[in-house]
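Before any comments, here is the structure.
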Amino acid sequence: MTATHHALTIDLEEQFQLRTGGRGVPERHWDRFPSRIERNVDVALQVLDRRGAKATFFAGLWVAERHARALREIATAGHEIACRIERLPRRGAARSHGCVSDVSKLISRIEDGSGRVVHGCRVANLDGGVDGLTDDVLPAQVRFVCRPGRANVSDAIRPATAGQVTEITLPSLRVAGATVGLRSGTGLRLMPHPLARHFISAWGRRAVPAVFDFKLWELDPDPTELSVFSPLERKLHYRNLSQFEDRLEALLGQAQFVAIRDLMGLADEPLNQSAEPSTRSLDARQAATLSGASGTPVSIVIPCYNEEAGLGYLAKALNGLATGLGRRHELSFVIVDDGSTDATWAEMNRLFGADARFRLVRHDRNRGVGAAILTGIDAAPAETIAVIDSDCSYDPARIEDMLPLLAPDVALVTASPYHALGRVEGVPEWRLVLSRSASRLYRMILRNKLATYTSCFRVVRKSATKGLVLRHEGFIGVAEMLARLDLGGCKIVEHPAVLESRLIGRSKLKVLRVIAGHLQLLAEISLARIAARRSWRVYW
27 MTATHHALTI
37 DLEEQFQLRT
47 GGRGVPERHW
57 DRFPSRIERN
67 VDVALQVLDR
77 RGAKATFFAG
87 LWVAERHARA
97 LREIATAGHE
107 IACRIERLPR
117 RGAARSHGCV
127 SDVSKLISRI
137 EDGSGRVVHG
147 CRVANLDGGV
157 DGLTDDVLPA
167 QVRFVCRPGR
177 ANVSDAIRPA
187 TAGQVTEITL
197 PSLRVAGATV
207 GLRSGTGLRL
217 MPHPLARHFI
227 SAWGRRAVPA
237 VFDFKLWELD
247 PDPTELSVFS
257 PLERKLHYRN
267 LSQFEDRLEA
277 LLGQAQFVAI
287 RDLMGLADEP
297 LNQSAEPSTR
307 SLDARQAATL
317 SGASGTPVSI
327 VIPCYNEEAG
337 LGYLAKALNG
347 LATGLGRRHE
357 LSFVIVDDGS
367 TDATWAEMNR
377 LFGADARFRL
387 VRHDRNRGVG
397 AAILTGIDAA
407 PAETIAVIDS
417 DCSYDPARIE
427 DMLPLLAPDV
437 ALVTASPYHA
447 LGRVEGVPEW
457 RLVLSRSASR
467 LYRMILRNKL
477 ATYTSCFRVV
487 RKSATKGLVL
497 RHEGFIGVAE
507 MLARLDLGGC
517 KIVEHPAVLE
527 SRLIGRSKLK
537 VLRVIAGHLQ
547 LLAEISLARI
557 AARRSWRVYW
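Position in the sequence shown counted from 1, then plus 26, gives you this note's numbering.
Quick look at the structure:
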C-alpha cells in the first residue's frame, strides 16, 4: 500500500432513483418503494470501518428529507456529507431557475440531519466549468464541486483556496445511455474478474491522488430489478452486484482512502445546534392508520400472479391510498393470489396478513386475471368496488376521481388512457396498437361508446356483477366483463387516466393468445347481439 491518499465518494442513492437514457421511475412514485438506505448505510460504514477508510457521502433532497438518522450516523462515524443536485446553471441564469434557493434548502436539510457544515456539492450536469461561480449560484460555504467529465481529464484534487470553488472532474464514458465513471463502482462491477483484480492492485501503486466513487445501492446484492430499463441497461445496472462488496473491500485494502475535505485541508465543522433530527420517517406517517372516515365504504380488489418482487411497492402504494382516500371513505382490501408459482402468497401474508382491513384469497391454480377480479369482488364486503392493477400502472389515488362518476344509474366506471384527456407513458408501442385496435372494434359493436375497453383499473357496483360468469377468465375476461354489462343494458362511463409502464417484474400477457382471444370475444358478442334481435336462444 502506498502512502498516497485518494478520495472516496459515495452517492446516497436508492436504486429506484436511477435514470438512464431519459428512462427511470418518476419521482412521484419513489415513496412507494421500500427504502434500503438504512440497511446499505450500515453495510457501507462497516466496510469502511474495517479498512480504516473515510469517505464523502453525497445526499440529495429526497434522501435528506427522509433519512436524517442515517445522515447523523454517517457524520458521527467521521465521514463527510455533501449535497447532490442535478444541474447548476451558469452565472446570471441562477436566479431565474431558483438555483441558489434550492441548493440552500438542500444544504440546510443535510446540516440539520448530520449536525455538520456542508462544504461540497456533486452535480450530474454543470454548464461549462466552475469558473465564475458566485453566490448567485452556490452559497459561499461550498468549496468544491464534483461532476462527470471526459475520459481524458484529470481528477486531481487541489488544496482549498480562499474565495474559490474547486472543480473535481470525474473521468467518465457514456455506456448504453448512462454515464459510467472510469474509476467507479459500475466500472469495477462490469470488469471480468482478472481485469478487476488488476484494476484493484493498480491503486496500490498509484502515486497521484485520484477519486473512486460508487452508488450506495451497489452494496445491495439483491435489489428489485426495474422493468422500466431495457435489457442492456439492466445488465449495466445489476451486473455482479453480489460481488461488489468483496471487490470494494479489496480495493480499500490496496490504498488509503479519505474524504474530499481531508485532501483539500478543510475542517470537519460541527453545526451550531443541539437539536436532534426527527427520527419519525415519512413511511411511518404514511402507514399511520386514519380513523373516523364517514364516506361510502369502498373495497379495493387487487389480482396478483407471481408478484413476489413487487408486493413491497404495492404495500407502499396502499399505505398512501389509506392516508388519502382513507380519510374520506372506509376502506377494505381484497388481494387475490391467482395460483402463483413463486413466493407471492407467503409475501402477501407477511405484508398484509396481520392487518384486519385486508382479506387474502388464493386460487389453487392459475385461472387468469378476469377470474381473480371476480373472486375478489365476491369476497369484498362493500357494494362499491375499485379494481386496481398490482403493478400500479395506473395511480391508485385516481380512484377518488372516479368514485363520483359512479352515479345511481351507472354500473361501472373504467379508467381510459385513450380518452382525449388521458395519456400513456413508457408503454411499448406494440401493446398500445393491440389495445387501441381492440377498443376500436369493441366500440363498433357495443352500446356504450368508450375510448378504452381493456383497462383493469375500474370502479364497479358489486350488485351489477352478481351472477356474472366469464367464458374467458384471463386477460380477455377484463373486456368480457364490460361487454356482458353492456349487453345487459348497464350504463358504463369512463374517466381519463394515465397509463404508465410497469416498474417491477414482467407482464404476463401472451400477445398471440390475447389477439386470438379478442377476436373470439368480438365474434361471440356479435353473435349474441344478432341472436337477441332475432329471438334466437344462444347461451353466452
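Yeah, the Cβ is synthetic: ideal placement off N, Cα and C, and Gly gets one too.
Delimiting residues of the alpha helix (DSSP H) encompassing residue i
i	result
S552	V537 to R559
S461	E455 to I471
F59	Counting along the chain, F59 falls outside any alpha helix (DSSP H), and DSSP gives it neither H nor E.
G211	G211 to L216
E506	I502 to L513
A228	H219 to W229
Assigned secondary structure, residue i (DSSP; H/G/I helix, E/B strand, else coil)
i	result
A85	strand
F130	Inspection of the sequence shows that residue 130 is occupied by Ser rather than by Phe. S130: helix per DSSP, three-state reduction.
R385	strand
R393	coil
R45	strand
S481	coil
R424	helix
T250	coil
R92	helix
P197	strand
I36	strand
G78	coil
T349	helix
R497	coil
I100	helix
Range covered by the beta strand (DSSP E) that runs through residue i
i	result
H521	K517 to P522
V284	Q282 to V284
P257	That residue, P257, is in no beta strand (DSSP E); its alpha helix (DSSP H) goes P257 to Y264.
K492	Run containing K492: none; DSSP gives neither H nor E here.
E373	Element bounds for E373: not the beta strand (DSSP E) but the alpha helix (DSSP H), T370 to F378.
V439	V436 to S442
K241	V237 to K241
G175	F170 to G175
A357	Here residue 357 turns out to be Leu, not Ala, going by the sequence shown. L357 -> beta strand (DSSP E) spans L357 to D363.
Candidates the options: closest to residue i by CA position
i	options	result
R110	F238, W371, E39 and A348	E39
K492	F483, R49 and R510	R510
G50	C172, S198 and L252	L252
R521	R215, K131, V485 and D248	Per the sequence shown, residue 521 should be read as His rather than Arg. For H521, the nearest C-alpha among the options comes from V485.
T205	P257, I411 and A150	A150
E106	R54, V327 and V284	V284
E373	E334, F42, D390 and L344	E334
L386	R393, T410 and I326	I326
T367	V495, E112 and R391	R391
I183	F238, A557, R65 and V324	F238
V495	D404, A81 and A228	D404
G86	L472, S256 and E137	E137
S442	A406, K475, S481 and L431	S481
D381	A549, L258 and F359	F359
T30	A79, F42 and V504	A79
E271	T212, I551 and I502	T212
E295	K475, P185, T102 and T46	T102
G230	A222, Q280, H219 and S210	Q280
N99	N66, D128, S130 and V129	The displayed chain sequence assigns Glu, not Asn, to residue 99. Nearest C-alpha to E99: N66.
P430	G503, W456 and H355	H355
P407	P52, P323, G338 and H32	P323
Contacts around residue i, its chain only, beta-carbon distance under 8 Å, and the 5 residues preceding and following it disregarded
i	result
E275	V73, R76 and R77
G452	R49, V254, E526 and S527
Proximal residues to residue i (C-beta, below 7 Å), its chain only, five neighbours per side dropped
i	result
P329	V362, D364, V395, A398, I399, G402 and S416
L458	V450
A1	With the chain covering only 27 through 566, there is no way to say anything about residue 1.
R528	S253, D417 and S419
E91	R135
H498	G396, E506, G543 and L547
Residue-chain proximity (residue i, chain B), Cβ-Cβ < 8 Å
i	result
L344	In summary, chain B is missing from the structure at hand, where a single protein chain is found.
Neighbourhood of residue i by C-beta distance below 6 Å, restricted to the same chain and skipping five residues each side
i	result
M428	V439, V485 and H521
W88	none
I63	H93 and A96
P174	L196, S198 and T205
Y468	Y479
Q41	W243 and P249
L476	E520
L508	Y479
Determine contact between the segment 253–270 and the segment 58–74, defined as no fewer than three beta-carbon pairs at a distance below 8 Å. no
Contact the segment 437–449 vs the segment 542–556: 3+ CB pairs below 8 Å: no
With three or more beta-carbon pairs closer than 8 Å as the criterion, would you say the segment 420–431 touches the segment 343–350? yes
Should the segment 521–540 be called in touch with the segment 439–448, which here means at least 3 C-beta pairs below 8 Å? yes
Could you tell me whether the segment 278–297 touches the segment 141–149, using the rule of 3 or more Cβ pairs below 8 Å? yes
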